Amino acid sequence: EAQVTQNPRYLITVTGKKLTVTCSQNMNHEYMSWYRQDPGLGLRQIYYSMNVEVTDKGDVPEGYKVSRKEKRNFPLILESPSPNQTSLYFCASSSTSGRARNEQFFGPGTRLTVL
Amino acid sequence: AQTVTQSQPEMSVQEAETVTLSCTYDTSESDYYLFWYKQPPSRQMILVIRQEAYKQQNATENRFSVNFQKAAKSFSLKISDSQLGDAAMYFCAFTYTGTASKLTFGTGTRLQVTL
Numbered sequence: 009e010a011q012v013t014q015n016p017r018y019l020i021t022v023t024g025k026k027l028t029v030t031c032s033q034n035m036n037h038e039y040m041s042w043y044r045q046d047p048g049l050g051l052r053q054i055y056y057s058m059n060v061e062v063t064d065k066g067d068v069p070e071g072y073k074v075s076r077k078e079k080r081n082f083p084l085i086l087e088s089p090s091p092n093q094t095s096l097y098f099c100a101s102s103s104t105s106g107r108a109r110n111e112q113f114f115g116p117g118t119r120l121t122v123l
Numbered sequence: 009a010q011t012v013t014q015s016q017p018e019m020s021v022q023e024a025e026t027v028t029l030s031c032t033y034d035t036s037e038s039d040y041y042l043f044w045y046k047q048p049p050s051r052q053m054i055l056v057i058r059q060e061a062y063k064q065q066n067a068t069e070n071r072f073s074v075n076f077q078k079a080a081k082s083f084s085l086k087i088s089d090s091q092l093g094d095a096a097m098y099f100c101a102f103t104y105t106g107t108a109s110k111l112t113f114g115t116g117t118r119l120q121v122t123l
């Protein structure tokens with residue numbers, strides 16, 4: 009089954025404790041992206057990657073890091089989480105060619121709470 | 009930069025009735041895609057319908073259809089014969105055509121379906 013998976017689905021942590029949210033897709037997509045969802049703000053892009061070893065900032069990159077060492081994986085790293093990073097996080101992927109190149113597939117979301 | 013506006017934070021519809029959700033956007037580009045995503049309580053982002061800007065014909069998917077007015081930069085979603093399972097948050101989203109790029113989302117409209 010074609011899918012985007014994220015782990016963990018729920019995470020409660022404390023300020024300053026480094027964490028990683030994993031994202032993996034099995035559709036051989038070149039493009040991957042992280043979004044955060046906050047009430048009243050919709051979804052906003054954090055970082056994206058056009059392919060392996062190619063990453064760039066989105067609209068709200070402060071406090072986050074990413075890496076793309078393999079095509080299927082795109083982890084989101086919070087080196088020193090703060091309470092304002094409490095949010096719902098989505099990973100998404102899409103092809104960069106063909107008719108479906110602009111159709112993004114979303115993971116199930118990760119609910120992060122930073123105390 | 010493009011913006012997407014959903015001016016209706018909440019809407020309500022009776023089962024079997026029709027409801028229209030509004031979306032406007034602002035862009036200087038002429039070639040782009042527009043989407044409606046549904047987010048039920050499970051938080052999964054589900055693609056409902058997509059519209060290519062170069063197509064004059066409005067997209068339809070079963071009970072879901074759009075009214076795309078390119079000159080007015082308007083992209084409303086009509087849900088016919090509403091069902092209880094349609095209750096969700098609905099997001100309008102925009103992306104440029106071409107190599108995969110980020111989705112810009114509106115702030116969402118919460119749809120309630122009543123008996």
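Chains as they are written, first to last, in this note's numbering: chain A, 9 to 123; chain B, 9 to 123.
Here a beta-carbon is modelled for each residue, glycine too, at the ideal position from N, C-alpha and C.
The structure presented is a predicted model; accordingly, all values stated were derived computationally and were not measured.
Checklist entry - Which residue or residues does DSSP assign as beta-bridge partners of residue 81 of chain B? => result Its beta-bridge partners do not exist; DSSP assigns none.
Next on the checklist: Considering just the uninterrupted stretch of the beta strand (DSSP E) at residue 64 of chain A, what are its terminal residues?
Outcome noted: 62-65 is the extent of the beta strand (DSSP E) around residue 64 of chain A.
Item to check | Sheet register partners of residue 24 of chain B (DSSP bridge) | outcome: By DSSP's assignment, residue 24 of chain B forms no beta bridge with any residue.
Item to check | Member of B:24, B:58 and B:19 whose CA lies at the smallest distance from the CA of residue 118 of chain B | outcome: Answer by Cα proximity: B:19.
Checklist entry - Name the DSSP bridge partner or partners of residue 43 of chain B? => result Residue 43 of chain B pairs with B:58 and B:101.
Checklist entry - Counting contacts by CB-CB distance shorter than 9 Å, is residue 52 of chain A in contact with chain B? => result With respect to chain B, the C-beta atom of residue 52 of chain A has a partner C-beta closer than 9 Å.
Checklist entry - What three-state label does DSSP hand residue 34 of chain B in the structure shown? => result Of the three classes helix, strand and coil, the one that applies to residue 34 of chain B here is strand, per DSSP.
Checklist entry - Beta-carbon of residue 44 of chain A versus every beta-carbon of chain B: anything under 9 Å? => result It does not: the Cβ of residue 44 of chain A has no partner Cβ on chain B nearer than 9 Å.
Item to check | As assigned by DSSP and simplified to three states, the class of residue 19 of chain A | outcome: Shown here, residue 19 of chain A sits in a strand according to DSSP, grouped into three states.
Item to check | chain A residues whose Cβ lies nearer than 7 Å to that of residue 102 of chain B | outcome: In chain order: nothing, as chain A lies at least about 10 Å away.
Checklist entry - Which word fits residue 23 of chain B, buried or exposed, when buried means at least 16 other C-beta atoms lie within 10 angstroms of its C-beta? => result So residue 23 of chain B ends up on the exposed side.
Checklist entry - Just by C-beta distance, which residues in the stretch 84-100 of chain A are closer than 9 Å to chain B? => result Result list: 96, 98 and 100.
Next on the checklist: Which of the three DSSP states is assigned to residue 92 of chain A in this structure?
Outcome noted: Residue 92 of chain A: helix per DSSP, three-state reduction.
Next on the checklist: Distance cutoff 9 Å, beta carbons only. Does residue 70 of chain A sit that close to anything in chain B?
Outcome noted: No, because no Cβ of chain B sits closer than 9 Å to the Cβ of residue 70 of chain A.
Item to check | DSSP-derived helix/strand/coil call for residue 48 of chain A | outcome: Annotated three-state conformation of residue 48 of chain A is coil, per DSSP.
Item to check | Residue interval of the beta strand (DSSP E) (run including residue 32 of chain A) | outcome: Per DSSP, the continuous beta strand (DSSP E) segment holding residue 32 of chain A begins and ends at 27-33.
Item to check | Short Cβ contact (9 Å threshold) for residue 76 of chain B with residue 83 of chain B | outcome: Against a cut-off of 9 Å, the Cβ pair of residue 83 of chain B and residue 76 of chain B comes out as a contact.
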